[in-house]
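Undergrad:
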Amino acid sequence: MPMIGRRSWLPFVLVLLCALALGSYGYFSVQRQLQQYGIDVQQFQGLGLSARGIDLRALSLAQGDSQLHLQGLHLPWSGLSLDAPYAQQLQINQLHLQLQAPVNAAEASAPATGLHELLDSLALLPEQLQIQQLQLDLPCPRGRCSLQGDLHLQRQAAGTDQRLAIRLNLTPATGPALNTQLQLNGTAHDTTLQFELAVAGQPQLQLHSQLTQNRQGSQWQGRLSAPELSAADALQTWLGQWLPEDLPVLPRAPGAARLSADWQLHLPPGPLDAAMLSQARGRFSASAELPEAWPVPGLGQLQGRLNLALLNSQGPWLAEALDGQLQLDQPSAQLLAQLPAELRPERLLLRLQAGQAPSDLRSELQGRALPLTFSLEGQGPAPFQLQGQLALANTAPWSLQWQQTRLQAKTPSLTLADLQLKRLELQLSLDGYADAQQLSLQVASDSQLRLGQLQYADSRLQQLRASSSGLQLSLAYPADAPLDWQLQGPLSLTLDSLQQPQLKPQRWTLQGRLQATGQQQRLSGKLGNAAGLALDLELQHTAASGLQLDARLAEIFLRGGNPLQQSLSAWPPLLSLNNGRLSGQASLRLPPGAHLPVMTGQVEAKGLAGIYDRSELSGLDLRLQLRSDGRQLALELDELHLAEINPGLPIGPLQLRGRYQAATAQPDKGLLQIDQAHTALLGGQVLLAPGQWNLADEALLLPLEVQGVELEQLFILYPTEGLAGSGSLDGQLPLRIDASGASISQGQLSARQPGGRLQFQSERIRALGQSNPAMQLVTQSLEDFRYQVLSSQLDYDQQGKLNLAMRLEGQNPAIEQGRPIHFSINLEEDIPSLLASLQLTDKVNEVIRQRVQQRMLQRQNTLPSAP
Numbered sequence: 001m002p003m004i005g006r007r008s009w010l011p012f013v014l015v016l017l018c019a020l021a022l023g024s025y026g027y028f029s030v031q032r033q034l035q036q037y038g039i040d041v042q043q044f045q046g047l048g049l050s051a052r053g054i055d056l057r058a059l060s061l062a063q064g065d066s067q068l069h070l071q072g073l074h075l076p077w078s079g080l081s082l083d084a085p086y087a088q089q090l091q092i093n094q095l096h097l098q099l100q101a102p103v104n105a106a107e108a109s110a111p112a113t114g115l116h117e118l119l120d121s122l123a124l125l126p127e128q129l130q131i132q133q134l135q136l137d138l139p140c141p142r143g144r145c146s147l148q149g150d151l152h153l154q155r156q157a158a159g160t161d162q163r164l165a166i167r168l169n170l171t172p173a174t175g176p177a178l179n180t181q182l183q184l185n186g187t188a189h190d191t192t193l194q195f196e197l198a199v200a201g202q203p204q205l206q207l208h209s210q211l212t213q214n215r216q217g218s219q220w221q222g223r224l225s226a227p228e229l230s231a232a233d234a235l236q237t238w239l240g241q242w243l244p245e246d247l248p249v250l251p252r253a254p255g256a257a258r259l260s261a262d263w264q265l266h267l268p269p270g271p272l273d274a275a276m277l278s279q280a281r282g283r284f285s286a287s288a289e290l291p292e293a294w295p296v297p298g299l300g301q302l303q304g305r306l307n308l309a310l311l312n313s314q315g316p317w318l319a320e321a322l323d324g325q326l327q328l329d330q331p332s333a334q335l336l337a338q339l340p341a342e343l344r345p346e347r348l349l350l351r352l353q354a355g356q357a358p359s360d361l362r363s364e365l366q367g368r369a370l371p372l373t374f375s376l377e378g379q380g381p382a383p384f385q386l387q388g389q390l391a392l393a394n395t396a397p398w399s400l401q402w403q404q405t406r407l408q409a410k411t412p413s414l415t416l417a418d419l420q421l422k423r424l425e426l427q428l429s430l431d432g433y434a435d436a437q438q439l440s441l442q443v444a445s446d447s448q449l450r451l452g453q454l455q456y457a458d459s460r461l462q463q464l465r466a467s468s469s470g471l472q473l474s475l476a477y478p479a480d481a482p483l484d485w486q487l488q489g490p491l492s493l494t495l496d497s498l499q500q501p502q503l504k505p506q507r508w509t510l511q512g513r514l515q516a517t518g519q520q521q522r523l524s525g526k527l528g529n530a531a532g533l534a535l536d537l538e539l540q541h542t543a544a545s546g547l548q549l550d551a552r553l554a555e556i557f558l559r560g561g562n563p564l565q566q567s568l569s570a571w572p573p574l575l576s577l578n579n580g581r582l583s584g585q586a587s588l589r590l591p592p593g594a595h596l597p598v599m600t601g602q603v604e605a606k607g608l609a610g611i612y613d614r615s616e617l618s619g620l621d622l623r624l625q626l627r628s629d630g631r632q633l634a635l636e637l638d639e640l641h642l643a644e645i646n647p648g649l650p651i652g653p654l655q656l657r658g659r660y661q662a663a664t665a666q667p668d669k670g671l672l673q674i675d676q677a678h679t680a681l682l683g684g685q686v687l688l689a690p691g692q693w694n695l696a697d698e699a700l701l702l703p704l705e706v707q708g709v710e711l712e713q714l715f716i717l718y719p720t721e722g723l724a725g726s727g728s729l730d731g732q733l734p735l736r737i738d739a740s741g742a743s744i745s746q747g748q749l750s751a752r753q754p755g756g757r758l759q760f761q762s763e764r765i766r767a768l769g770q771s772n773p774a775m776q777l778v779t780q781s782l783e784d785f786r787y788q789v790l791s792s793q794l795d796y797d798q799q800g801k802l803n804l805a806m807r808l809e810g811q812n813p814a815i816e817q818g819r820p821i822h823f824s825i826n827l828e829e830d831i832p833s834l835l836a837s838l839q840l841t842d843k844v845n846e847v848i849r850q851r852v853q854q855r856m857l858q859r860q861n862t863l864p865s866a867p
């Protein structure tokens with residue numbers, strides 16, 4: 001019996017000895033390998049053996065400041081091995097890993113691991129690993145980040161074939177749980193990876209990747225799919241803690257999104273890294289869809305879809321296909337900062353789809369053009385739509401060509417500095433090309449700009465239309481040279497009404513041509529209006545000479561009408577010209593750095609005839625020059641010749657030359673210089689001696705000189721029956737002009753020697769003498785009075801009353817043998833009424849007749865009544 005008992009215990013003792021030997025061997029082997037990596041065993045407690053395997057209550061490892069704490073380890077006997085990893089089956093109740101950040105750049109930038117190294121490292125993993133409670137304390141850009149969850153790993157190896165399956169569940173401190181599954185199957189030459197991600201049990205992302213290696217490189221193909229990315233917000237929150245702190249805060253991710261990507265790539269030999277990917281050949285396609293708006297920093301609320309396909313067959317990557325439909329709501333103020341507030345859209349819609357390449361494709365795009373049809377629409381207070389055909393370079397350097405592109409835009413109102421625009425409509429048909437060094441743009445003939453109203457200061461433009469049949473813009477901006485640009489082409493402007501204080505409202509047109517470069521800008525053309533006014537304009541600007549504007553008034557033949565009278569508000573309302581020729585020219589110069597322009601002008605007139613107030617005029621020749629430097633105004637009258645003016649008695653010819661200077665701030669208070677002023681009057685003439693007068697004075701005194709006025713012509717005009725005479729009058733008339741009107745005080749007129757003759761033969765005068773003996777001598781003497789002295793003091797007031805205090809010395813040969821007779825006669829005459837009566841008794845223009853009658857009626861209503 002004792003012998004049998006000892007034999008029964010022997011197998012158990014042998015097994016125990018083998019286990020102890022194997023455990024000791026494994027422990028010392030593992031410890032030796034750990035020491036090779038600088039890992040120290042800090043705690044090793046609770047080692048126990050049982051029929052199921054080896055148990056270890058606690059194990060703590062440390063490498064520098066990083067620590068690994070394990071509790072509740074179980075190694076089944078069936079999972080023990082004499083080769084690494086020694087424990088093919090491992091169960092861990094709790095695993096707590098505290099990992100510190102790398103202490104130097106060398107550790108942080110460890111070289112990439114190749115496929116062979118990756119597969120070799122898989123051999124160190126156990127065939128089965130299960131961690132019930134996993135806690136990771138890891139470094140992250142914002143300090144320390146914690147992860148909790150559980151892990152299940154299975155590995156199978158058959159020769160060089162490795163298979164790995166990992167299921168990892170993570171429970172963040174906040175938010176739903178993350179569930180991941182990874183399957184890795186591969187050999188040294190062929191590796192397949194499958195990855196799945198779920199949030200709170202809802203599938204979010206699937207990845208399938210296959211990498212095959214040979215001597216020429218690697219073939220990599222795969223697919224990324226996220227058909228229902230409904231937990232993007234939770235993923236963003238979880239990933240946010242791993243992003244650098246200096247990155248801008250990202251907006252909340254959309255509640256729903258769809259993503260997918262496919263690729264088939266050939267990679268050169270070497271480790272799989274970014275440098276190798278940049279040298280890859282093959283195809284890549286991606287698709288993204290945001291059914292709900294997503295706030296993107298610097299853009300706005302973005303939603304829509306976008307599909308992209310890239311191809312690389314022998315050189316750089318090419319865009320093979322591009323289409324999509326994107327919507328941007330509430331665009332950021334930063335994106336639209338350069339636009340006026342009235343033009344900023346509330347929504348942008350972009351549509352892209354495959355198109356046809358243009359027939360005249362630029363040489364820069366030959367063989368690398370991606371044809372597209374595009375549409376960009378803006379919604380809001382100023383809606384617009386841009387659509388057309390686009391040829392986009394699908395590889396560097398970038399370039400694009402657009403054809404049949406049409407822009408339609410409108411806005412109810414727009415304010416640009418001092419300009420106020422209303423009802424702006426724009427329709428442009430555009431062709432063009434652009435790349436990194438140049439841009440060209442052509443405007444088609446059906447392009448047009450419409451503007452309901454433009455207000456600038458006291459000027460208002462109504463119904464403005466601008467068009468061009470071939471306006472071209474070209475820019476060159478090479479990296480090693482300054483910007484060079486050119487704009488040229490015809491330009492047409494039509495304006496239904498221009499309301500400006502100096503102009504009468506009417507239609508205006510401009511037909512011109514624009515030629516502009518960075519060094520010189522020029523606009524030339526013809527400006528005209530509905531009244532028939534025509535101006536030749538030339539506007540030019542250069543950096544050296546500044547701004548220059550030249551305008552020439554085409555010769556006007558007034559017999560066919562007076563466009564100036566119908567155009568200028570300042571045209572005297574009582575002046576109308578119906579004959580003669582009129583021309584003029586003007587220029588404006590604004591040198592560089594100057595703030596005030598220099599303006600010059602010249603007006604010439606030949607043979608003008610017409611009416612001024614109640615006077616007819618004819619034969620007016622005029623040459624007037626104007627100059628202003630912004631501070632001073634100068635007018636120079638080189639010539640004024642008036643054949644005749646008739647306010648009731650003919651005056652002329654009249655000659656006048658002079659100049660006028662004034663400050664532009666007070667143009668009516670300048671200095672008047674008269675060089676020549678004289679006119680013929682009743683067979684004589686009236687002269688004004690050269691001199692200067694300051695219009696700022698309260699009154700102006702003009703010393704008029706009368707020479708040789710013939711009484712015979714005066715009495716022919718004077719409407720008094722039986723009055724005749726002869727003789728020539730000379731004198732001085734001090735004409736005073738002030739705010740109340742014109743007046744003469746103590747003017748002097750006298751007859752030239754040897755005198756003359758007066759004859760006053762009237763039945764009414766004879767009857768007066770017969771009824772009044774005191775007047776009989778006077779009436780008889782005046783029937784044939786031969787005078788040697790005729791002198792008169794003349795006074796004329798501002799109401800038009802003329803007072804003459806006359807002294808006559810002479811005789812009548814028929815009275816008392818011609819004894820000397822002296823008369824003192826006082827006469828009073830209403831000159832306006834006299835002139836009116838002279839005009840009404842003659843054949844005058846009907847306009848003058850009406851004005852005379854109206855004037856007489858007004859004077860009768862304003863004159864004080866007799867007491």
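All the letters of the sequence shown, read from the start, carry residue numbers 1 to 867 under the UniProt record's numbering.
Yeah, the Cβ is synthetic: ideal placement off N, Cα and C, and Gly gets one too.
(1) Would you identify the three-state DSSP class for R855, choosing helix, strand or coil?
(2) Could you give the C-beta distance for A551 and L535, rounded to a whole number, given that I count them as a contact under 8 Å?
(3) Straight-line CA distance for N394 to L318?
(4) What is the DSSP secondary structure of Q279, counted as helix, strand or coil?
(5) Output the distance between the C-alpha atoms of L147 and A198, rounded to the nearest integer angstrom.
(6) Could you check what DSSP says for R766 in three-state terms: helix, strand or coil?
(7) If L635 and L626 are in contact, beta carbons under 8 Å, what's the gap, nearest whole angstrom?
(8) What's the gap between the Cα of Q502 and the Cα of P482?
(9) Return yes when the Cβ of P254 is within less than 8 Å of the Cβ of E289, no when it is not.
(10) What ranges does the beta strand (DSSP E) occupy inside the stretch 333–389, keeping only unbroken runs of at least 3 residues that lie completely in it?
(11) Give, in chain order, every unbroken run of the beta strand (DSSP E) that is at least 3 residues long and sits entirely within the stretch 36–67.
(12) How big is the Cα-Cα spacing for H541 and Q548?
(13) Secondary structure at R559, three-state DSSP: helix, strand or coil?
(14) Could you give the residue range of the beta strand (DSSP E) that holds E639?
(15) Looking at the secondary structure, which residues open and close the beta strand (DSSP E) in which L749 lies?
(16) Helix, strand or coil for L717? Go by DSSP, reduced to three states.
(17) Between which residues of its own chain and D458 is the CB-CB distance below 6 Å, once the five residues before and five after are set aside?
(18) Are the stretch 697–705 and the stretch 727–739 touching by the rule of at least three beta carbon pairs closer than 8 Å?
(19) Alpha carbons only, please: which of S469, P653 and P76 is nearest the one belonging to E639?
(20) Closest to G525 by C-alpha separation, out of S497, S218 and S492, would be which residue?
(21) Under three-state DSSP, which class holds A101?
(22) Where A200 and Q194 are concerned, what is the direct C-alpha to C-alpha distance, given to the nearest angstrom?
(23) Is it buried or exposed for I54, if we count other Cβ within 10 angstroms and need 16 for buried?
(24) Taking 8 Å as the threshold (C-beta atoms), are A814 and D784 in contact?
(25) Got a sec? Which residues, its chain only, sit under 8 Å from P734 by beta carbon, not counting five neighbours each side?
(26) Please state the DSSP three-state secondary structure of T779.
(27) Measure how close the beta-carbons of N579 and L608 come, nearest whole angstrom, since I'm counting them as under 8 Å.
(28) Can you find at least 3 beta carbon pairs, one from the stretch 449–468 and one from the stretch 430–441, that sit closer than 8 Å?
(29) Could you name the residues of the same chain whose beta carbon sits closer than 6 Å to that of L510, not counting the 5 residues immediately before and after it, in chain order?
(30) Could you name the residues of the same chain whose beta carbon sits closer than 7 Å to that of Q303, not counting the 5 residues immediately before and after it, in chain order?
(31) Using DSSP with H/G/I as helix, E/B as strand and the rest coil, what is L483?
(32) Below 8 Å, how does it come out for the stretch 168–179 and the stretch 136–155: are there three or more Cβ pairs, yes or no?
(33) If you follow the beta strand (DSSP E) that T180 is in, where does it begin and where does it stop?
(34) In the DSSP assignment, what are the bridge partners of Y477?
(35) Does DSSP classify E816 as helix, strand or coil?
(36) DSSP state of P734, grouped into three classes?
TA: In brief:
(1) helix
(2) 5 Å
(3) 5 Å
(4) coil
(5) 16 Å
(6) helix
(7) 6 Å
(8) 43 Å
(9) no
(10) 347–354 and 369–379
(11) 40–49 and 53–63
(12) 6 Å
(13) helix
(14) Q632 to N646
(15) G741 to A751
(16) helix
(17) P501
(18) yes
(19) P653
(20) S492
(21) coil
(22) 20 Å
(23) buried
(24) yes
(25) L701, L702, P703, L704, I744, S745, Q746 and G747
(26) helix
(27) 7 Å
(28) no
(29) L493, G525 and L527
(30) L290, P291, E292, A293, W294 and Q327
(31) coil
(32) yes
(33) L178 to G186
(34) Its beta-bridge partners do not exist; DSSP assigns none.
(35) helix
(36) strand
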